[in-house]
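Taking our numbering, the leading residue of the sequence shown gets 100, the next gets one more, and so forth.
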Amino acid sequence: MTQQNKNIIYTFLLSAVALLIFASAATFGITLFEEWYGVIVGIVMMVIAIPIHNIAKNYKFLYIITFLLNTIGCGFSTASYYLVSGEASDYGQFLAATLPPIVLALICAIVFVIVNQRNKRICTLFCVLDVVIAGVAIYNWVIEGEAFWSFLFFAAVVMFFYIIALRVVDNDEEFFGTKGSFVRTVSFFSFGIFIIVTLIVAALLSEGEVFDGFDIDIFGNPNRKKKK
Numbered sequence: 100m101t102q103q104n105k106n107i108i109y110t111f112l113l114s115a116v117a118l119l120i121f122a123s124a125a126t127f128g129i130t131l132f133e134e135w136y137g138v139i140v141g142i143v144m145m146v147i148a149i150p151i152h153n154i155a156k157n158y159k160f161l162y163i164i165t166f167l168l169n170t171i172g173c174g175f176s177t178a179s180y181y182l183v184s185g186e187a188s189d190y191g192q193f194l195a196a197t198l199p200p201i202v203l204a205l206i207c208a209i210v211f212v213i214v215n216q217r218n219k220r221i222c223t224l225f226c227v228l229d230v231v232i233a234g235v236a237i238y239n240w241v242i243e244g245e246a247f248w249s250f251l252f253f254a255a256v257v258m259f260f261y262i263i264a265l266r267v268v269d270n271d272e273e274f275f276g277t278k279g280s281f282v283r284t285v286s287f288f289s290f291g292i293f294i295i296v297t298l299i300v301a302a303l304l305s306e307g308e309v310f311d312g313f314d315i316d317i318f319g320n321p322n323r324k325k326k327k
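What follows is the structure in structure tokens.
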């Protein structure tokens, strides 16, 4: 097997692990924190990850540490959405919601391996399919207000980055190669994922608070707590 195909497999496995950690961290954060504390702790974890990422060029295993810090922090930030919004949450639904994006990434990885190249058009196609999954999740989230659909949306956002990573990671660099470019790319992407997911959480909650003042539930969610 070529190093390129190995890296495709490694990237897929890391994406699957990332979503499982993401779901677990979100569930743990819901039980551990109150309201916005998940976002605050997540940001602190990302800040800690920055210097670790910078020194990891000499100790490449540290890239895995930054990947874990940002992924867990991402889950904590997402936990704040459920805590502040009051939307019902369930670990089983969270885990189930990770399956569609994981299956999509698996199919994308298999296609890349079969054609033996990471074609830009194929990557674009799977990115579009991921956006479709997110769109379906949003639609059903608004209609039904269930944790499965809301978390499927967050999971699709996370997987969007990893589908791109499937194409852009170095073809020839070993997992902990001399340049460390493979794990460095994954670590770099984890920062982007954390920032985007946290911004989405902040945007959702801020918009919800504005409309709460007019007794309007923009999410159509009967479980959402109203401010008194």
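Backbone N, C-alpha and C define an ideal beta-carbon position, used for all residues, glycine too.
Nothing here was measured: the structure is a model prediction, and the numbers come from that model.
Cβ-Cβ separation between residue 137 and residue 182: approximately 7 Å, consistent with a contact (criterion under 8 Å). In this structure, the CA atom of residue 295 is about 9 Å from the CA atom of residue 173.
Where residue 243 is concerned, the enclosing alpha helix (DSSP H) starts and stops at 219-243. Linking residue 107 to residue 200 through their CA atoms gives a straight-line distance of about 16 Å.
The beta carbon of residue 122 is closer than 6 Å to those of 193, 194 and 197 in its chain, skipping five residues each way along the sequence.
Contact between residue 118 and residue 236 fails: their C-beta atoms lie close to 14 Å from each other, not under 8 Å. Straight-line spacing of the CA atoms in residue 179 and residue 101 works out to 42 Å. Relative to residue 128, the option among 188, 234 and 240 whose CA is nearest is 188.
Your pair residue 221 and residue 210 checks out as a contact, with CB atoms roughly 6 Å apart and the cut at 8 Å.
The beta carbon of residue 163 is closer than 7 Å to those of 282 in its chain, skipping five residues each way along the sequence. DSSP places residue 153 within a helical segment (H, G or I) once states are collapsed to three. Of all alpha-carbon atoms in 267, 143, 110 and 115, the one lying nearest the alpha-carbon of residue 218 is that of 267.
For residue 248, the enclosing alpha helix (DSSP H) starts and ends at 246-267. In the displayed model, residue 137 falls within a helix according to three-state DSSP. Rounded to the nearest whole angstrom, the CA to CA distance from residue 245 to residue 239 is 8 Å. For residue 188, there is no enclosing alpha helix (DSSP H), as DSSP marks it with neither H nor E.
With respect to the 8 Å criterion, residue 265 and residue 207 are classified as neighbours on the basis of their beta carbons.
Taking every protein chain shown into account, the CB of residue 112 has fewer than 16 other CB atoms within 10 angstroms, so this residue is exposed.
In the DSSP annotation of this structure, the continuous segment of the alpha helix (DSSP H) that includes residue 175 starts and ends at 161-184.
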